[in-house]
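Okay, structure first, notes after.
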Amino acid sequence: MKFFVDTANLDDIREVNDLGILDGVTTNPSLMAKEGIKGHDNILKHYQTICEIVKGDVSAEVISTDLDGMLNDAELLADIAPNIVVKIPMIKEGLKAIKILTSREIKTNCTLVFSAGQAILAAKAGATYISPFLGRLDDISRDGIQLVEQLVQIFNMHAYKTEILAASIRSPMHIIQCAEIGADVVTCPPDSILKLLNHPLTDIGLKNFLADYNKSQA
Ligand code: E4P
437 MKFFVDTANL DDIREVNDLG ILDGVTTNPS LMAKEGIKGH DNILKHYQTI
487 CEIVKGDVSA EVISTDLDGM LNDAELLADI APNIVVKIPM IKEGLKAIKI
537 LTSREIKTNC TLVFSAGQAI LAAKAGATYI SPFLGRLDDI SRDGIQLVEQ
587 LVQIFNMHAY KTEILAASIR SPMHIIQCAE IGADVVTCPP DSILKLLNHP
637 LTDIGLKNFL ADYNKSQA
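Using my numbering, the letters of the sequence shown correspond one by one to residues 437 to 654.
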């Protein structure tokens with residue numbers, strides 16, 4: 437399972453990248469706004485910086501919702517770096533955009549996916565990734581993990597090449613559950629990845645090992 441980090445914060449991206457386990461980055465307009473990135477050119481520059489830090493795929497989202505606008509946005513984003521993946525919303529015009537961008541060999545990530553039907557359409561259109569938002573489903577008392585499980589089953593059965601990128605991850609437990617059910621990718625807030633490192637028995641064990649070593653040196 438690939439690990440992406442879901443943030444536009446450069447320090448966080450560097451911190452997770454330095455662990456050596458990072459495969460990519462996802463962003464969205466809200467995450468960019470959170471970092472205070474304003475203006476079209478600054479947004480493009482910020483994406484470029486992220487692409488310089490991380491070798492893997494970096495999802496950058498279109499802001500138009502009509503077909504021509506999305507295609508224009510996508511061309512501009514794809515020109516930033518070879519590892520840009522254009523994030524397209526799961527709407528009718530978005531589906532058409534994914535089909536056209538796929539024929540132009542531009543990678544796409546179909547975002548805001550909340551049902552198996554939406555995921556199947558995006559896979560048929562040739563999306564590189566589809567992003568089911570499991571945390572947001574949990575928020576409305578629907579089982580996000582169950583959707584990812586259903587998608588893994590359908591995509592395996594039909595041998596779809598599209599990768600299932602589990603998004604809207606809220607906890608380390610979500611990450612482990614995604615690994616158990618066979619998601620291709622998880623995109624996680626940095627702290628959910630870092631929390632996977634922690635176990636109290638590791639801390640106690642290390643403390644004792646070092647204390648015993650120090651005693652043997654006395
Ligand atoms: C995915 O690509 C989205 O950026 C993200 O996972 C959304 O997560 P949220 O529901 O925590 O905003």
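From the three backbone atoms N, C-alpha and C, an ideal C-beta is built for every residue, glycine too.
Would you list the one or two residues that DSSP bridges to Ile486? Bridge partners of Ile486: none, in fact.
Could you tell me which uninterrupted beta strand (DSSP E) segments, each at least 3 residues in length, are contained entirely in the segment 465-530, listed from first to last along the chain? 493-497 and 520-525
For Val521 and Ile534, what's the separation of their Cα atoms in angstroms? 11 Å
Checking 8 Å against the spacing of the C-beta atoms, do Leu583 and Ala558 come in under that value? no
Ser567 beta carbon near the ligand E4P (any heavy atom closer than 7 Å): yes
In the DSSP assignment, the alpha helix (DSSP H) including Asp442 goes from what residue to what residue? Counting along the chain, Asp442 falls outside any alpha helix (DSSP H), though it belongs to the beta strand (DSSP E) covering Lys438 to Asp442.
When burial is assigned at 16 or more other CB atoms within 10 Å of the CB, is Gln589 buried or exposed? exposed
Note down, in chain order, each residue of its chain lying with its Cβ closer than 7 Å to the Cβ of Thr544, except the 5 sequence neighbours on either side. Val521, Val522, Ile524, Ile534, Leu537, Thr538, Ala563 and Thr564
Looking at Asn464 and the ligand E4P, is the gap between the Cβ and the nearest heavy atom below 7 Å? yes
May I ask you to report which of helix, strand or coil DSSP gives Thr598? coil
Asp504 to Asp639 span [Cα, whole Å]: 55 Å
Report all residues from its chain with a CB closer than 7 Å to the CB of Ile629; omit the five preceding and five following residues, and keep chain order. Phe439, Val441 and Val452
Would the beta-carbon of Leu480 fall within 8 Å of that of Leu458? no
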